[in-house]
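Enquirer: In UniProt numbering, the protein residues as written are 1 to 282.
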Amino acid sequence: MASTVAPQPGPSPSKDVQWFLPEITEVNPAFRVVMEDYSKIPPEEVKSHILNIREKAWQTFPYPCIGQFSFLTLSVASHACYPRVLSTLSTPGSKATLLDLGCCLAQDIRKLVSDGALADNLHACDLEYGFIELGYELFADRDVLKSHFFAADIFDERGRLSETEGIFDFIHVGSFLHLFTQEDQIRACKRIVKLMKPYEGSTVFGRQMGNLKATAVPNFLQGGTMWQHDPRSFEHMWQVVGEETGTRWDVRTELDSAEGMNQRHWSSEGCRRLKFEVTRLS
Numbered sequence: 001m002a003s004t005v006a007p008q009p010g011p012s013p014s015k016d017v018q019w020f021l022p023e024i025t026e027v028n029p030a031f032r033v034v035m036e037d038y039s040k041i042p043p044e045e046v047k048s049h050i051l052n053i054r055e056k057a058w059q060t061f062p063y064p065c066i067g068q069f070s071f072l073t074l075s076v077a078s079h080a081c082y083p084r085v086l087s088t089l090s091t092p093g094s095k096a097t098l099l100d101l102g103c104c105l106a107q108d109i110r111k112l113v114s115d116g117a118l119a120d121n122l123h124a125c126d127l128e129y130g131f132i133e134l135g136y137e138l139f140a141d142r143d144v145l146k147s148h149f150f151a152a153d154i155f156d157e158r159g160r161l162s163e164t165e166g167i168f169d170f171i172h173v174g175s176f177l178h179l180f181t182q183e184d185q186i187r188a189c190k191r192i193v194k195l196m197k198p199y200e201g202s203t204v205f206g207r208q209m210g211n212l213k214a215t216a217v218p219n220f221l222q223g224g225t226m227w228q229h230d231p232r233s234f235e236h237m238w239q240v241v242g243e244e245t246g247t248r249w250d251v252r253t254e255l256d257s258a259e260g261m262n263q264r265h266w267s268s269e270g271c272r273r274l275k276f277e278v279t280r281l282s
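(1) Between CYS81 and PHE205, is the Cβ-Cβ spacing less than 8 Å?
(2) I need the straight-line Cα distance from GLU55 to ASP108, nearest angstrom please.
(3) I'd like the ranges of any beta strand (DSSP E) spanning at least 3 consecutive residues and lying wholly in the stretch 162-221.
(4) In whole angstroms, what separates the C-alpha of LYS95 from that of THR203?
(5) Thinking just about the alpha-carbon of each residue, which of LEU89, ILE50, TYR129 is nearest to the one in SER114?
(6) In terms of residues, what are the limits of the alpha helix (DSSP H) holding ALA30?
(7) From this set, SER175, ALA188, ASN219, which residue's C-alpha is nearest THR245's C-alpha?
(8) Return the residue from the list PHE170, SER233, THR225 that minimises the CA-CA distance to THR279.
(9) Can you list, in chain order, the residues of its chain with a C-beta nearer than 7 Å to that of GLU200? Leave out the 5 residues immediately preceding and following it.
(10) Does the stretch 158-166 come within contact of the stretch 70-78, defined as at least 3 CB pairs closer than 8 Å?
(11) Based on Cα-Cα distance, which residue from HIS172, ASN211, GLU235 lies nearest to ILE192?
(12) Out of HIS123, ILE132, GLY174, LEU145, point me to the one whose CA is closest to GLU163's CA.
(13) So the candidates are LEU255, CYS271, SER268, GLU269; which of them puts its Cα closest to the Cα of GLU277?
(14) Pull up the CB-CB distance for PHE71 and CYS104, whole angstroms please, since I reckon it's below 8 Å.
(15) What number of angstroms, rounded off, separates the C-alpha of CYS271 from the C-alpha of GLY93?
(16) State the DSSP-derived secondary structure class of SER147, mapped to helix, strand or coil.
(17) Please classify GLN185 as buried or exposed, where buried requires at least 16 neighbouring CB atoms within 10 angstroms.
(18) Cβ atoms of MET226 and ARG273: under 8 Å apart, would you say?
(19) Measuring only the C-alpha atoms, how far is PRO9 from HIS49?
(20) Return the residue from the list MET196, GLU243, GLU165, GLY102 that minimises the CA-CA distance to PHE180.
(21) What do you reckon, are the CB atoms on PRO13 and PRO64 nearer than 8 Å?
(22) Taking only three categories from DSSP, how would you classify GLU157?
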C-alpha cells in the first residue's frame, strides 16, 4: 500500500524526485514469467507495457513503490513459508484463504495464481481502488481472474475489512506497516489478528523497511514520522499485540539489504529490509 491518504487532483506530479527511475534496464525474471505465461504479453512488448502502466500510475500515485518499480518484485514468493502457503492454497477443494493487505497492483496475487493457487480463495485490498484497476491493466486479466479485490482502510473499524474478520489463514503484508508510527503499527497488527482465523498456524508474513536500530524516521510524503523496526522491537511489538488480544505468536525475522537500498539518499541511516513470518501459537 503506497499511502494512507488519497492523492489530490492537480498538475502532473514532478518526476524530479529521488524515488523516480525513468527506465528499467532489465525486467525481474520472475515477473517476466508472469507477464509472458500468465498475462500472455509478447516478450518484446513486456518492457514497454510495464513503462506505459507505470506512467499512468505515476500520474495518480507518485509514490516510491511506483517510481522505483517496486511492484516488479514478487515479495510473496521470497519467503521461506511460501512453499507451505502455496501448497495449502493450491490443494483441490481447499477452503484456505489469503489476504494481500496493501496490495498495490496486486502483483503477488498474480504470482500465486500463476503458481497454481486457487484464485477464488485469494483476496487483496488497498486504500485506493485505483491501484487495483491499474493491476487489471498491467496483467490483462480483468475478465478472467476470480480473486476478490476491494478498497479498505486498516483503521476503519466499520469499513469493508469488518466483513472479512476471522476468515483468513494467511495474510501477506508487503511494504505496508512501515508507513505508520510505532503506535499505529500496533493498532494495525491488532486489526490483522481480528482478520485471521483464530487457530494455531494462522500466519502473517511480509516485508517492510526496517533498521539496524529501531527508530522513527521522517515521512517525506505526508509529514510526521514512520517507525522502522529492528528484529528485537518487531518481536516486542507482537508480544504487545498478543497481550492485548489474548493470543500468542511465534515471530521470525530477517534483516537484509535489498538491492539498491543503501544508494537511496533519501533513506534513513541504517535502513534495511525487514522480512517477517508471524505464526499463531494459541
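No residue lacks a Cβ here, since even glycine has one placed at the ideal position from N, Cα and C.
Predicted model, so just to flag it, every value in this text is computed and none were measured.
Expert: Taking the definition as stated:
(1) The residue you call residue 81 lines up with position 81 of the sequence shown. The residue you call residue 205 lines up with position 205 of the sequence shown. Going by C-beta atoms, CYS81 is nearer than 8 Å to PHE205.
(2) Here residue 55 is taken as the residue at index 55 of the sequence shown, counted from 1. Here residue 108 is taken as the residue at index 108 of the sequence shown, counted from 1. The straight-line gap from Cα to Cα measures roughly 20 Å.
(3) If we require 3 residues or more, the beta strand (DSSP E) runs fully inside the stretch 162-221 come out as 170-174, 203-211, 215-218.
(4) As a working note, residue 95 is residue 95 in the sequence shown. As a working note, residue 203 is residue 203 in the sequence shown. Near 15 Å, if we compare the C-alpha coordinates of THR203 and LYS95.
(5) In the sequence shown, the residue the question calls residue 114 occupies position 114. Selected option, being the one with the closest Cα: LEU89.
(6) Here residue 30 refers to the residue found at position 30 of the sequence shown. It spans 29-33 - the alpha helix (DSSP H) in which ALA30 sits, taken as one unbroken run.
(7) On the sequence shown, residue 245 is found 245 positions in, with the first residue counted as 1. Per the Cα distances, ALA188.
(8) Within the sequence shown, numbered from 1, the residue matching residue 279 stands at position 279. The candidate whose alpha carbon is nearest that of THR279 is PHE170.
(9) Locating residue 200 in the sequence shown gives position 200, where the first residue counts as 1. Taking C-beta separations shorter than 7 Å and ignoring five residues to either side along the sequence, the partners of GLU200 in its chain run ARG280, LEU281, SER282, following chain order.
(10) Contact between the stretch 158-166 and the stretch 70-78 is absent, because fewer than three Cβ pairs lie under 8 Å.
(11) For the purposes of this step, residue 192 is taken as the residue at position 192 of the sequence shown. Of the candidates HIS172, ASN211, GLU235, the one whose C-alpha sits nearest the C-alpha of ILE192 is HIS172.
(12) Here residue 163 is taken as the residue at index 163 of the sequence shown, counted from 1. Per the Cα distances, HIS123.
(13) In the sequence shown, counting from the first residue as 1, residue 277 sits at position 277. Cα-wise, what sits closest to GLU277 is LEU255.
(14) As a first step, residue 71 is located in the sequence shown; it is residue number 71 there, counting from the start. As a first step, residue 104 is located in the sequence shown; it is residue number 104 there, counting from the start. Right, the Cβ-Cβ distance comes to about 5 Å (below 8 Å), so this counts as a contact.
(15) Here the question's residue 271 lines up with position 271 in the sequence shown. Here the question's residue 93 lines up with position 93 in the sequence shown. The straight-line gap from Cα to Cα measures roughly 43 Å.
(16) To locate residue 147, count along the sequence shown from 1; it is residue 147. SER147: coil per DSSP, three-state reduction.
(17) Against the sequence shown, residue 185 aligns to sequence position 185. Counting Cβ neighbours within 10 Å, GLN185 comes out buried, since at least 16 surround it.
(18) Position 273 of the sequence shown, counted from the start, is the residue given in the question as residue 273. Position 226 of the sequence shown, counted from the start, is the residue given in the question as residue 226. Contact flag unset, no.
(19) Reading the sequence shown from its first residue, position 9 is the one you call residue 9. Reading the sequence shown from its first residue, position 49 is the one you call residue 49. For PRO9, the pLDDT reaches just 45, beneath the cut-off of 50, and the residue's location in the model is therefore unreliable, although a value from the coordinates is still provided. Taking the straight line from one Cα to the other gives about 25 Å.
(20) Within the sequence shown, the letter at position 180 stands for residue 180. When only C-alpha atoms are compared, the closest one is GLY102.
(21) If you number the sequence shown from 1, residue 13 lands on position 13. If you number the sequence shown from 1, residue 64 lands on position 64. 8 Å or more divides the Cβ of PRO13 from the Cβ of PRO64.
(22) As a working note, residue 157 is residue 157 in the sequence shown. Assigned with DSSP and collapsed to three states, GLU157 falls in coil, not helix or strand.
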